[in-house]
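Structure, as structure tokens:
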Amino acid sequence: MGTKTVDEAVDANGTEAKSDKETAEVTGTEETPDSAAVTDTQAETEARAETETEAAAEEQDDDAEADAPADEDLPAAAEKSAPGVGQGAAAVVSAALGIVSLTGSWVATVAAARETLVGQLQTSSSASVATQVKEVYGDAWATTALVGGLFALAALIVGVVVLARPAFGAPGKPQAPWIKSVAWAGVSLGVVGLVLAVAKYSDILLGLPSTK
0 MGTKTVDEAV DANGTEAKSD KETAEVTGTE ETPDSAAVTD TQAETEARAE
50 TETEAAAEEQ DDDAEADAPA DEDLPAAAEK SAPGVGQGAA AVVSAALGIV
100 SLTGSWVATV AAARETLVGQ LQTSSSASVA TQVKEVYGDA WATTALVGGL
150 FALAALIVGV VVLARPAFGA PGKPQAPWIK SVAWAGVSLG VVGLVLAVAK
200 YSDILLGLPS TK
């Protein structure tokens, strides 16, 4: 009876000890993989976050590099998107030439004075009054009209070229209204100056006075 009790106690203790040991082993075996899995998951999360951060940084760099040439090309694009500078200048020149054709120029003055001098040198004192008037004054006035007509013709040609330029330029690109206005002014002044020059050169307007 005493021995059996001791054995049972030993068996009971051994069984309990064994059970505790197995429980500890089972518990240790189950807890270790869970901790490793958690560690691996955290590492993967951190690695994924780093990868996404690097990818975002690379995309920002690519965007910055792509935007840099565009920013550098802005002045050239602005220059190209500002047309009409040459056309505007030509229109102003046309109007100025038209005004000169009507008001006169130093070129016409010098040419007329030279023609007067030539007429005086070539006309003898014994020539008739009609001949002297024609050689001295008539030729000088005709020269003035000729120079004015040349300025008027230049104004007319430049103005017409400016008005016709959009037809030969970029299609669908309108011309600035002020350029059209100034060009039309040059054309109008050129026409008026050309008509007056022809009329004066042919003695229809302000002809030589009669010497009879």
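When we follow numbering that gives the first Met the number 0, the leftmost residue of the sequence shown carries the number 0, and every step to the right adds one. Just so it is clear, CB atoms sit at the ideal spot from N, CA and C, and this is done for glycine as well.
- The beta carbon of residue 119 is closer than 7 Å to those of 135 in its chain, skipping five residues each way along the sequence.
- Sequence-distant Cβ neighbours of residue 162 in its own chain, meaning closer than 6 Å and more than five residues away, are 182.
- For the pair of segments examined, the region 83-102 was found to touch the region 172-190: the number of CB pairs separated by less than 8 Å reaches three.
- Less than 8 Å divides the Cβ of residue 100 from the Cβ of residue 189.
- The C-beta separation of residue 139 from residue 122 comes to about 12 Å, leaving the pair out of contact by the 8 Å criterion.
- Shown here, residue 174 sits in coil according to DSSP, grouped into three states, outside any helix or strand.
- In the DSSP assignment, residue 208 falls outside any alpha helix (DSSP H), carrying neither H nor E.
- In the structure shown, residue 122 adopts coil according to DSSP, grouped into three states.
- Residue range 84-102 is occupied by the alpha helix (DSSP H) that includes residue 93.
- In this structure, DSSP gives residue 201 a state outside helix and strand, which the three-state scheme calls coil.
- CA-to-CA, the gap between residue 174 and residue 207 works out to about 46 Å.
- By the neighbour-count definition (other C-beta atoms within 10 Å, threshold 16), residue 195 is a buried residue.
- The alpha-carbon separation between residue 117 and residue 132 amounts to approximately 13 Å.
- For residue 43 and residue 172, the gap between their C-alpha atoms comes out near 60 Å.
- The three-state secondary structure of residue 187, taken from DSSP, is helix.
- Residue 112 is classed as exposed because its beta carbon has fewer than 16 other beta carbons within 10 Å across all chains shown.
- Counting the other Cβ atoms within 10 Å of the Cβ of residue 84 gives fewer than 16, which makes it exposed.
- Only residues of its own chain outside the window of five on either side were considered, and among them 96 have a CB closer than 6 Å to the CB of residue 153, listed in chain order.
- Under the DSSP assignment, residue 146 falls in the alpha helix (DSSP H) whose first and last residues are 138-167.
- Shortest Cα-Cα distance from residue 105 to any of 146, 90 and 45 involves 146.
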